[in-house]
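**Q** Numbered per the numbering used here, the sequence shown spans residues 81 to 197. Supplied in structure tokens, the structure appears directly below.
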Amino acid sequence: MKGNCVFCKIVAGDIPTKKILENKHFIVIKDVNPKVVGHLLIIPKKHVATFLDLSSSLYENLLKTTNKVVKMILEETGSKGYNLLVNNGSVAGQVVHHLHLHVLPRKEGDRFRCGVD
Ligand code: AMP
Numbered sequence: 081m082k083g084n085c086v087f088c089k090i091v092a093g094d095i096p097t098k099k100i101l102e103n104k105h106f107i108v109i110k111d112v113n114p115k116v117v118g119h120l121l122i123i124p125k126k127h128v129a130t131f132l133d134l135s136s137s138l139y140e141n142l143l144k145t146t147n148k149v150v151k152m153i154l155e156e157t158g159s160k161g162y163n164l165l166v167n168n169g170s171v172a173g174q175v176v177h178h179l180h181l182h183v184l185p186r187k188e189g190d191r192f193r194c195g196v197d
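Shown next as structure tokens:
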């Protein structure tokens with residue numbers, strides 16, 4: 081647990097949140113302010129700030145977890161595509177400084193713009 085970190089509090093159960101999925105190293109929750117229908121966050125239980133702070137075993141685990149979560153949410157939303165997004169550092173738009181991967185299932189005309197085009 082790091083200081084006042086909101087995601088550490090969610091991991092610890094201090095902020096009650098419905099977990100969509102949980103395994104040894106990660107939790108998956110709905111984003112409280114979804115940019116698209118089905119917007120999920122994959123959050124490591126261990127507090128790390130950005131992608132570069134993940135251990136190599138956690139990288140591997142994150143990819144496996146992401147694969148599973150994407151299949152699940154595509155099935156649930158009927159989306160045919162998705163974005164995976166990680167903001168690293170304030171200058172890149174990171175607001176919560178506990179690493180999290182956004183999973184954004186996409187639909188035609190949903191108007192989400194991730195800024196890479
Ligand atoms: P960012 O740090 O910019 O990658 O985004 C942080 C994301 O966390 C935003 O999309 C917020 O809506 C989301 N968020 C912040 N607090 C909570 C919370 N308590 N539960 C779920 N999502 C949250």
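For glycine and all other residues, C-beta sits at the position ideal for the given N, C-alpha and C. Quick caveat, the model's predicted, so the values are computed rather than measured.
(1) In three-state terms, what does DSSP make of LEU142?
(2) Cβ atoms of GLY118 and VAL176: under 9 Å apart, would you say?
(3) Please report the distance separating the alpha-carbon of LYS82 from that of ARG186.
(4) Go ahead and pull the three-state DSSP assignment for LYS148.
(5) Could you spell out where the alpha helix (DSSP H) holding ILE100 opens and where it closes?
(6) Measuring straight from C-alpha to C-alpha, what distance separates LEU121 and VAL171?
(7) Under the rule that 16 or more other beta-carbon atoms within 10 Å means buried, what is ILE95, buried or exposed?
(8) Please report how far the alpha carbon of ARG193 lies from the alpha carbon of ASN167, in whole angstroms.
(9) Is any heavy atom in the ligand AMP found nearer than 8 Å to the beta carbon of HIS182?
(10) Check whether the Cβ of ASP111 sits closer than 8 Å to any heavy atom of the ligand AMP, and report yes or no.
**A** Quick look at the numbers:
(1) helix
(2) no
(3) 33 Å
(4) helix
(5) That residue, ILE100, is in no alpha helix (DSSP H); its beta strand (DSSP E) goes 99-102.
(6) 20 Å
(7) exposed
(8) 14 Å
(9) yes
(10) yes
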